[in-house]
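In our numbering, each residue carries its 1-based index in the sequence shown increased by 586.
By construction, the Cβ of each residue, glycine as well, lies at the ideal position given by its N, Cα and C atoms.
Since the structure is predicted, the reported quantities are computational estimates derived from the model, not experimental observations.
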Amino acid sequence: MKAALRAGLSRGFIELRHGLADFQEWAFNILVIAVLVLVLFFQRNTTVDGTTLPLAALTLPSLAGMMIAYGGFLAMSSALAYDREDGTLLRAKATPNGIVGYLVSRIVYTAATALITLVIMLVAGRIIVDELSPDWLTLAWLIPLGLASVLPWGAIIGARTKSSASSTGLTFLILGGLVGISGIFYPVTAMPGWLQGVAQVFPMYWLGHGTRAALLPDAAAAAEPGGEWRLWEAAGVIGVWAVLGLLVAPAVLRRMARRESGSSMQASKQRIMSRGY
587 MKAALRAGLS RGFIELRHGL ADFQEWAFNI LVIAVLVLVL FFQRNTTVDG TTLPLAALTL
647 PSLAGMMIAY GGFLAMSSAL AYDREDGTLL RAKATPNGIV GYLVSRIVYT AATALITLVI
707 MLVAGRIIVD ELSPDWLTLA WLIPLGLASV LPWGAIIGAR TKSSASSTGL TFLILGGLVG
767 ISGIFYPVTA MPGWLQGVAQ VFPMYWLGHG TRAALLPDAA AAAEPGGEWR LWEAAGVIGV
827 WAVLGLLVAP AVLRRMARRE SGSSMQASKQ RIMSRGY
């Protein structure tokens, strides 16, 4: 098991090094960041009700929370589903503890990529937003806990869907719905009370809340439900999702690994060819 963990860590960092050198690997992320910065540009002159802050100042930390969720959930689900189709998981299964090594490498690569993307977006957004006052201690626990709350669920989606296309589609559907109700692009207090309650069940809202608390002055809490930062609640909800994911994911992944075979991989290839990919 230790050898598998070491091999997974080594493979994860090797893949990260190769990925950083490949522009195509980052083209989509750069495009997304450019679009989000454009949104901030158009929000810079709109003031949030009850505060003196521009809407862009509230949106930038919220986007940081959203990127943690997207970077962990979407990247993990898509990669795992794709690796099932091209035989990577089948080859990993053929070696002792190969699935463990594969998952460790994928976690390393996904988490590192999400973190780098987050830093790039914050640096780019800082050009437009001047009101940030970072609390590095809060960010130090929020980011890894946030990734831990979404990575296992991304793996579950990738393991349960039949193809990379269906995995990506389902992931976008889930995340798009959560973004719409979690106050990412506008204060959640503008929504009906019952919808605010629904949003606060999921980690997306609390990741946005936590990053706002970590990056904005205390006066910005006026735009939050209750008018204050609730970091203990954020840690609790995000932590519960992380624990549940870590409990459920291993069983789902073991079941997926048992089903992997040459015939299942061939069936996946036939589906891809029938779609004309």
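Please return the same chain residues whose Cβ sits closer than 8 Å to the Cβ of residue i, not counting the five positions on each side in sequence.
i    : result
F627 : A642, I714
R603 : none
R677 : G684
T724 : G796, A799, A800, L817
T633 : L639, P640, L641
P778 : none
Assuming residue i and residue j make a contact with CB atoms under 8 Å, what is their CB distance in whole Å?
i    : j    : result
G744 : L666 : 3 Å
A820 : W792 : 4 Å
M653 : L731 : About 15 Å separates the two Cβ atoms, so there is no contact after all.
I686 : L595 : The identity of residue 686 in the sequence shown is Val, whereas the question assumes Ile. Their Cβ separation, rounded to whole angstroms, is 11 Å, which puts V686 and L595 out of contact at 8 Å.
L781 : S719 : Rounded, the Cβ-Cβ distance is 30 Å, inconsistent with contact.
Any heavy atom of the ligand FAD closer than 6 Å to the beta-carbon of residue i?
i    : result
A745 : Although the ligand FAD was asked about, the structure shown includes no ligands whatsoever.
By Cβ distance, which residues of its chain are closer than 6 Å to residue i, with the 5 residues on each side in sequence left out?
i    : result
M859 : Caution applies to M859, whose pLDDT of 49 falls short of 50 and renders its modelled position unreliable; the value that the coordinates give is listed next. Nothing listed; no residue qualifies.
D669 : L675
I770 : S648, M652, G794
V625 : none
L606 : none
V826 : none
W815 : A799, A807
I'd like the list of long-range same chain contacts for residue i, defined as Cβ closer than 7 Å, with 5 residues on each side in sequence excluded.
i    : result
D804 : none
M662 : R692, T696, L737, G740, A741, G744
R746 : V838
G813 : A807
L764 : F788, M790
Y863 : Low confidence applies to Y863: its pLDDT is 48, below 50, so where it sits in the model is not reliable, and the reading given next is rough at best. Taken in chain order, the list of residues that qualify is empty.
Q610 : none
Would the beta-carbon of residue i fall within 7 Å of that of residue j?
i    : j    : result
A785 : I760 : no
A734 : A828 : yes
G822 : S648 : no
I616 : M707 : no
A800 : D721 : yes
L865 : T757 : Not covered by the structure: residue 865. The range shown for the chain is 587 to 863.
P773 : I824 : no
Among the candidates the options, whose CA atom is the shortest distance from the CA of residue i?
i    : options                : result
A710 : V623, F771, I824       : V623
W727 : G594, L595, G651       : G651
T645 : Y656, I654, A655, Q629 : Q629
S749 : L718, N631, G673       : G673
T754 : G594, G605, G657, L606 : G657
K588 : N631, P778, A607, P682 : P682
M842 : K679, F614, A607, A593 : K679
G762 : A655, A776, N631, W612 : A655
R592 : V826, M777, Y688       : Y688
R845 : E671, L606, F614       : E671
Check whether the stretch 798-814 touches the stretch 822-842, counting contact only when three or more Cβ pairs, one atom from each stretch, lie closer than 8 Å. no
Counting Cβ pairs, one atom from each stretch, are 3 or more of them under 8 Å apart for the stretch 695-704 and the stretch 596-603? yes
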